[in-house]
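Enquirer:
Protein chains: 2
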Amino acid sequence: MANYSATLDHTFQALADPTRRRVLERLVQGPASVSELAEPFDMALPSFLQHLKVLEQSALVRSEKVGRVRTFHVVPSEMKRATHWLSLQLDLWERRLDQLDSYLQQLALQENDHE
Amino acid sequence: MANYSATLDHTFQALADPTRRRVLERLVQGPASVSELAEPFDMALPSFLQHLKVLEQSALVRSEKVGRVRTFHVVPSEMKRATHWLSLQLDLWERRLDQLDSYLQQLALQENDHE
DNA sequence: TATATACTTAGGTATATGGCTAACTATTCT
DNA sequence: AGAATAGTTAGCCATATACCTAAGTATATA
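Chains as they are written, first to last, in our numbering: chain A, 10 to 124; chain B, 10 to 124.
1) Could you pull the start and end residues of the beta strand (DSSP E) that V83 (chain A) belongs to?
2) Just to confirm my understanding: we take V83 (chain A), look at its own chain, exclude 5 residues before and 5 after, and list those with CB closer than 6 angstroms. What are they?
3) Give the secondary structure of E45 (chain A) by DSSP, where H, G and I count as helix, E and B as strand, and everything else as coil.
4) In the DSSP output, which residue or residues are listed as bridge partners for S72 (chain A)?
5) With 9 angstroms as the limit, tell me which residues of the stretch 25–44 of chain A have their beta carbon closer than that to any beta carbon of chain B; keep them in chain order.
6) Contact between the stretch 56–75 of chain A and the stretch 61–70 of chain B is defined here as three or more beta-carbon pairs at a separation below 8 angstroms; is this criterion met?
7) Grab me the residues of E60 (chain B)'s own chain with a C-beta within less than 8 angstroms of its C-beta, minus the 5 sequence neighbours each way, in chain order.
8) For chain B, check one thing: does any of its Cβ atoms lie closer than 9 angstroms to the Cβ of L101 (chain A)?
9) According to DSSP, simplified to helix, strand and coil, what is A23 (chain B)?
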């Protein structure tokens with residue numbers, strides 16, 4: 010495993026679950042094993058592992074197994090892509106507001122001319 | 010309708026679908042009616058309407074109906090919240106790397122002392 | 001070598017999601 | 001009034017998601 014084509018779909022899907030977001034919040038503080046990650050959650054281990062799988066398939070995290078311990082760590086690139094998409098939309102939205110604003114101001118000026 | 014308690018769950022869930030992201034990309038350019046929004050999509054109208062419903066319930070957009078036309082527009086606050094969460098995680102991740110870095114540098118210095 | 005630890009796999013269930021068609025309502029145009 | 005337009009509601013279906021228990025594998029520890 011290592012060849013995932015992660016998409017914004019998968020990224021946002023992975024982020025849509027509170028358990029998975031809490032895991033990420035833990036992992037940005039540093040790597041952790043499956044059982045360390047699972048500990049705060051009142052959930053059967055196989056259910057929890059499902060979440061880790063989703064996170065890894067979305068490429069938000071990666072893991073390696075050494076001995077019997079699997080350690081997870083954050084990979085920032087997909088979070089960056091998601092942030093970028095959102096920032097771009099917010100930016101475009103604000104630009105449009107600015108344009109609208111100056112258009113309305115111009116209109117107001119023309120109105121004054123006619124008085 | 011107007012009393013939704015939107016959460017990051019709902020926001021990311023809404024963003025996880027390509028149709029809904031394309032709708033948002035359209036709406037940051039300015040408001041649009043249901044049929045304008047639906048036009049680029051090869052999808053039955055009721056299916057498409059479902060997506061608009063998800064977007065509105067996640068509070069990423071809002072709509073008003075005038076006559077027989079319902080017009081949608083972007084509401085930026087939830088996008089900002091999502092961006093904020095992501096940026097915070099990325100920021101925490103980088104801080105941790107920096108700390109690790111200076112720790113390792115210190116370790117290297119101490120090693121030199123012992124030579 | 002026996003036991004404990006740390007995951008893993010298999011398989012089952014309930015609900016959610018994303019699509020459809022058909023039929024209906026409310027406005028607007030002729 | 002009758003027809004067209006714009007959106008809505010109801011109901012069906014297939015697949016995905018999120019949880020579970022039970023049982024299995026591989027690696028350490030006593």
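The beta-carbon is built from N, C-alpha and C at its ideal position, and this holds for glycine as well. From a predicted model like this one, the values you see are computed outputs, not experimental measurements.
Expert: According to the structure shown:
1) V78 to V83
2) L36, V37 and V70
3) helix
4) A:F81
5) A25, D26, P27, R30, L33, E34, L36, V37, Q38 and G39
6) no
7) It should be noted that the sequence gives His, not Glu, for residue 60 (chain B). Around H60 (chain B): D26, T28, R29 and V32.
8) yes
9) helix
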